[in-house]
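Student: In my numbering, the protein residues as written are 72 to 588.
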Amino acid sequence: MVYKSKYPDIDIPGVGVYQYGTSNRNGISDDKVILIDGITEKKMTFGELKSNSKKLAAGLQTIGFKRGDVLMICSHNQLFINILLFFIHLGGIVFPSNPWYKVDELAVQLIDSKTSIIFAHPDYLSTVVKAAEKANISKSKIFLFEEREIDGFKPYCSLISDHEIEPVSYTPEEARTTIAFLCYSSGTVGKPKGVEITHTNIVANVEQIATVDDSGKDDTFIGVLPFFHIYGLTNLGFLTVLIGGSTVIIPKFDIKNFCYCIQKYKISYVHVVPPIVVALAKYPDIKYYDISSLRMILSAAAPLGKESSEEFYKILQIPIKQGYGSVGGLLPNVEAKIVPVEGLELGPNEGEICVRGPNLMKGYLNNDEATKASFDEDGFFYTGDIARVDDNENFFIVDRVKELIKYTGYQVAPAELEAILLTHPAIADAAVVGCYSKQSLTEFPTAYIVTKPGHQQTKVLKSDIQNYISDKVAPHKQLRGGIYFIGEIPKNPAGKILRKDLREKLRKEFVDPPDKR
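Okay, structure coming up:
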């Protein structure tokens, strides 16, 4: 059965990202401040964003950058990234990279993407230079997010011309097929793949969100999500500009600065990942900040358990929208179906959710095999998410297909156990993975635990946590693989647990107990 959105289909403008993002649908003036650096307090108006983008594009043209070339950004969030996001009106492709990648990881992606120019923050210059050398990219093609020259590397502002050039125009067909962004997958399961995002993909997704979302030009957002991740790129890089809101940009999540910015700038709408929700709910000093301006929080990219959501609302009385978990209905122009998963015994109306719509990627760069395997014959994309749908056609994301633990024929969802563990008074963070037992010939659910300050990592605490879980879940969900203490749960910048890292760690540490079936 194919499920359709309850919303009527909307018209998707057949234009490029720059034209769409600066179309000023809510009629804000060029003098309106739309970007604020939460650290330096520097500001950028709507008019400055447009003008600087055109001037930078003109400068890039003088050094040979042309339509179809790839420009890589290697930086944490900062004010000037938005200029780069809009420079694609020159016809180039923006590759926003993960600034925390190591040399070899970055070099592989530079080669795969055929990057020709790099804009880097000085903090990551050493890594970028070494990676660029491996990719045979000249040092003269590396520019800095800095106002001065460092070690012979020129600042990006040296490229800003004194004249502007108008954006490349696209026909609807060109917008649909031309790549605007190259965002590499997180690599939580395997090797990161280059995801080809077209102009229409971005335009459609922003238009879909804007149609159903209640945010507007009077809202102020906080930009803590990394702009190299599609969640931050879409919602903070483009949606807020389109609707004419203001965004306070901060380089990374620091709970004190986060709360300070909410208070100082009267933040009204926040896009976050679950670890931030948990941190806010557990932050004892939050009572000293005036966060009364906050009217909505949207949590996505990873599971947020019911218990954590309820705990947050009980303490702060701020509603949370879910982008992962109980996600509601489909966006306009989106279709979905639930398909069986080989080897899994799932409930009624439960299976892998497959979706189709104008917001879906074009494919994987230089990987036709992976692209073909990701879509069925009708163009539906295999999301890799296990979901169920109720009688009202509301969808509930349960877990990832490849993350489910198989215990003697039963399926165990790590997200469910993690949500419960996070309600334990001694636990600051938790992750659950499966480890294969040669003794019992099955996978055992196993937990990695980060304790709160003041709680000793003892056998007594392990036993208490085991009992805590045992009282709340069915027998097949028990932590039969044991509990391991860890200083920090490895996660990517989007808040997703790097389970493959934990599984590798567990393979070295796991003590296979006697048959516990």
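Cβ atoms here follow ideal geometry from the backbone N, Cα and C, with glycine treated the same way.
Give me the Cα-Cα distance between Cys-425 and Val-412, rounded to the nearest whole angstrom.
Tutor: One-based indexing of the sequence shown puts residue 425 at position 354. One-based indexing of the sequence shown puts residue 412 at position 341. Looking at the two C-alpha atoms, the distance is approximately 11 Å.
Student: Take Asp-82 as the anchor and find which of Ala-518, Glu-440 and Pro-403 has the nearest alpha-carbon.
Tutor: The sequence position of residue 82 within the sequence shown is 11, counting from 1. Among Ala-518, Glu-440 and Pro-403, the Cα nearest to that of Asp-82 is on Pro-403.
Student: Compare the Cα-Cα distances from Asn-438 to each of Lys-262, Ile-409 and Ile-333 and report the closest residue.
Tutor: Against the sequence shown, residue 438 aligns to sequence position 367. Among Lys-262, Ile-409 and Ile-333, the Cα nearest to that of Asn-438 belongs to Lys-262.
Student: State buried or exposed for Asp-290, treating a residue as buried only when at least 16 other CB atoms are found within 10 Å of its CB.
Tutor: Translated into positions along the sequence shown, residue 290 becomes position 219. So Asp-290 counts as buried.
Student: Grab the span of the alpha helix (DSSP H) containing His-270 for me, first residue to last.
Tutor: Here residue 270 is taken as the residue at index 199 of the sequence shown, counted from 1. Unbroken alpha helix (DSSP H) run through His-270: 270 to 283.
Student: Using CA coordinates, which residue listed in Met-143, Asp-101 and His-160 is at the minimum distance from Ala-203?
Tutor: One-based indexing of the sequence shown puts residue 203 at position 132. Answer by Cα proximity: Met-143.
Student: So is Tyr-359 buried or exposed if we call it buried at 16+ other beta carbons inside 10 Å?
Tutor: Stepping through the sequence shown from its first residue, residue 359 is reached at position 288. Tyr-359 comes out exposed.
Student: Between Leu-313 and Met-115, what straight-line distance do the alpha-carbon atoms span, to the nearest angstrom?
Tutor: Within the sequence shown, numbered from 1, the residue matching residue 313 stands at position 242. Within the sequence shown, numbered from 1, the residue matching residue 115 stands at position 44. Their backbone Cα atoms lie some 15 Å apart in a straight line.
Student: Anyone know if the C-beta pair for His-300 and Pro-561 falls short of 8 Å?
Tutor: Residue 300 sits at position 229 when you count from the first residue of the sequence shown. Residue 561 sits at position 490 when you count from the first residue of the sequence shown. Not a contact, by the Cβ cut-off of 8 Å.
Student: For Phe-216, list the residues DSSP reports as bridge partners.
Tutor: In the sequence shown, the residue the question calls residue 216 occupies position 145. Phe-216 is not bridged to any residue.
Student: What does Asp-290 pair with, by DSSP beta-bridge criteria?
Tutor: The residue given as residue 290 occupies position 219 in the sequence shown. Answer is none; Asp-290 lacks a bridge partner.
Student: Anyone know if the C-beta pair for Val-469 and Ile-409 falls short of 8 Å?
Tutor: Working through the sequence shown from its first residue, we reach residue 469 at position 398. Working through the sequence shown from its first residue, we reach residue 409 at position 338. No.
Student: DSSP has Ile-144 in a bridge; who is on the other side?
Tutor: Against the sequence shown, residue 144 aligns to sequence position 73. Paired residues: Pro-167 and Phe-190.
Student: Evaluate Asn-272 with the Cβ neighbour count: other Cβ atoms within 10 Å of its Cβ, from every protein chain shown; 16 or more gives buried, anything less gives exposed.
Tutor: Translated into the one-based positions of the sequence shown, residue 272 becomes position 201. Result: buried.
Student: Could you tell me the boundaries of the beta strand (DSSP E) in which Arg-138 lies?
Tutor: Taking the first residue of the sequence shown as position 1, residue 138 is located at position 67. Careful: Arg-138 lies outside any beta strand (DSSP E) and carries neither H nor E.
Student: Give a yes or no on contact between the stretch 470 to 483 and the stretch 358 to 372, applying the rule of three or more CB pairs nearer than 8 Å.
Tutor: Touching, no, given that fewer than three Cβ pairs across the two stretches are closer than 8 Å.
Student: Below 8 Å on the Cβ atoms is my contact criterion, and I expect Glu-141 with Gly-163 to pass it. Report the Cβ-Cβ distance as a whole number of Å.
Tutor: Your numbering for residue 141 matches position 70 in the sequence shown. Your numbering for residue 163 matches position 92 in the sequence shown. For the record, residue 141 in the displayed sequence is Val; it is not Glu. Val-141 to Gly-163, Cβ: 7 Å. Contact.
Student: Are the Cβ atoms of Ala-26 and Lys-264 separated by less than 8 Å?
Tutor: Summary: the structure shown does not reach residue 26, with the chain confined to residues 72 through 588, and so no result is reported for it.
Student: So, Ser-187 versus Leu-436, is the Cβ gap smaller than 8 Å?
Tutor: Translated into the one-based positions of the sequence shown, residue 187 becomes position 116. Translated into the one-based positions of the sequence shown, residue 436 becomes position 365. In this structure, Leu-436 does not lie closer than 8 Å to Ser-187 by Cβ.
Student: Could you give the DSSP three-state label for Gln-510: helix, strand or coil?
Tutor: Looking up residue 510 in the sequence shown gives position 439. The answer is coil: DSSP assigns Gln-510 none of H, G, I, E or B.
Student: How should Ser-100 be labelled, buried or exposed, when 16 other C-beta atoms within 10 angstroms of its C-beta is the threshold for buried?
Tutor: In the sequence shown, residue 100 corresponds to position 29, counting from 1. Ser-100 comes out exposed.
Student: Grab me the residues of Phe-158's own chain with a C-beta within less than 6 Å of its C-beta, minus the 5 sequence neighbours each way, in chain order.
Tutor: Numbered from its first residue, the sequence shown carries residue 158 at position 87. Once the five neighbours on either side are set aside, the close Cβ partners of Phe-158 are Ser-124, Leu-127 and Ala-128.
Student: What's the gap between the Cα of Lys-353 and the Cα of Phe-216?
Tutor: To locate residue 353, count along the sequence shown from 1; it is residue 282. To locate residue 216, count along the sequence shown from 1; it is residue 145. Taking the straight line joining both Cα atoms gives about 35 Å.
Student: Expressed to the nearest angstrom, what Euclidean distance is found between the alpha-carbon atoms of Pro-170 and Val-343?
Tutor: To locate residue 170, count along the sequence shown from 1; it is residue 99. To locate residue 343, count along the sequence shown from 1; it is residue 272. Between Pro-170 and Val-343, the C-alpha separation is close to 19 Å.
Student: Among the residues of its own chain, which have a CB less than 8 Å from the CB of Phe-446, if the five just before and after it don't count?
Tutor: The residue labelled residue 446 in the question sits at position 375 within the sequence shown. Hits under 8 Å: Phe-452 and Tyr-453.
Student: Can you tell me where the beta strand (DSSP E) with Gln-482 in it begins and where it stops?
Tutor: Residue 482 sits at position 411 when you count from the first residue of the sequence shown. Where Gln-482 is concerned, the enclosing beta strand (DSSP E) stretches over 481 to 483.
Student: Per DSSP, what are the beta-bridge partners of Leu-369 in this structure?
Tutor: The residue you call residue 369 lines up with position 298 of the sequence shown. Leu-369 pairs with His-342 and Lys-392.
Student: Tell me the residue span of the alpha helix (DSSP H) that contains Ser-397.
Tutor: Reading the sequence shown from its first residue, position 326 is the one you call residue 397. Taken as a continuous stretch (DSSP letters only), Ser-397 belongs to no alpha helix (DSSP H), being part of the beta strand (DSSP E) at 397 to 399.
Student: Is the CB-CB distance between Gln-482 and Leu-573 below 8 Å?
Tutor: In the sequence shown, residue 482 corresponds to position 411, counting from 1. In the sequence shown, residue 573 corresponds to position 502, counting from 1. No, these two residues do not count as a Cβ contact at 8 Å.
Student: If Asn-148 sits next to Gly-294, beta carbons under 8 Å apart, how far is it from one beta carbon to the other, in whole angstroms?
Tutor: Here the question's residue 148 lines up with position 77 in the sequence shown. Here the question's residue 294 lines up with position 223 in the sequence shown. Confirmed, about 6 Å.
Student: Less than 8 Å between the C-beta atoms of Ala-490 and Glu-378, yes or no?
Tutor: Within the sequence shown, numbered from 1, the residue matching residue 490 stands at position 419. Within the sequence shown, numbered from 1, the residue matching residue 378 stands at position 307. A contact, by the Cβ cut-off of 8 Å.
Student: Suppose contacts are defined by Cβ-Cβ distances below 8 Å. Is Leu-307 in contact with Ile-280 by that definition?
Tutor: What you label residue 307 is simply residue 236 of the sequence shown in a count that begins at 1. What you label residue 280 is simply residue 209 of the sequence shown in a count that begins at 1. No, Cβ-Cβ distance for Leu-307 and Ile-280 is not below 8 Å.
Student: Using 8 Å as the threshold, is the C-beta distance between Leu-177 and Asp-108 below it?
Tutor: Position 106 of the sequence shown, counted from the first residue, corresponds to residue 177. Position 37 of the sequence shown, counted from the first residue, corresponds to residue 108. Taking 8 Å as the Cβ cut-off, Leu-177 and Asp-108 do not qualify as a contacting pair.
Student: To the nearest angstrom, how far is the alpha carbon of Glu-580 from that of Ile-568?
Tutor: Taking the sequence shown and counting its residues from 1, one reaches residue 580 at position 509. Taking the sequence shown and counting its residues from 1, one reaches residue 568 at position 497. Using only the alpha carbons, I get a separation of about 19 Å.
Student: Using alpha carbons as the reference points, say which of Asp-194, Tyr-241 and Asp-175 lies closest to Arg-138.
Tutor: Sequence index remark: in the sequence shown, residue 138 carries index 67 (1-based). The residue with the shortest Cα to Cα distance from Arg-138 is Tyr-241.
Student: Among Lys-543, Gly-316, Asn-538 and Ile-362, which residue has its Cα nearest to the Cα of Cys-332?
Tutor: Position 261 of the sequence shown, counted from the start, is the residue given in the question as residue 332. The option with the nearest alpha carbon to Cys-332 is Ile-362.
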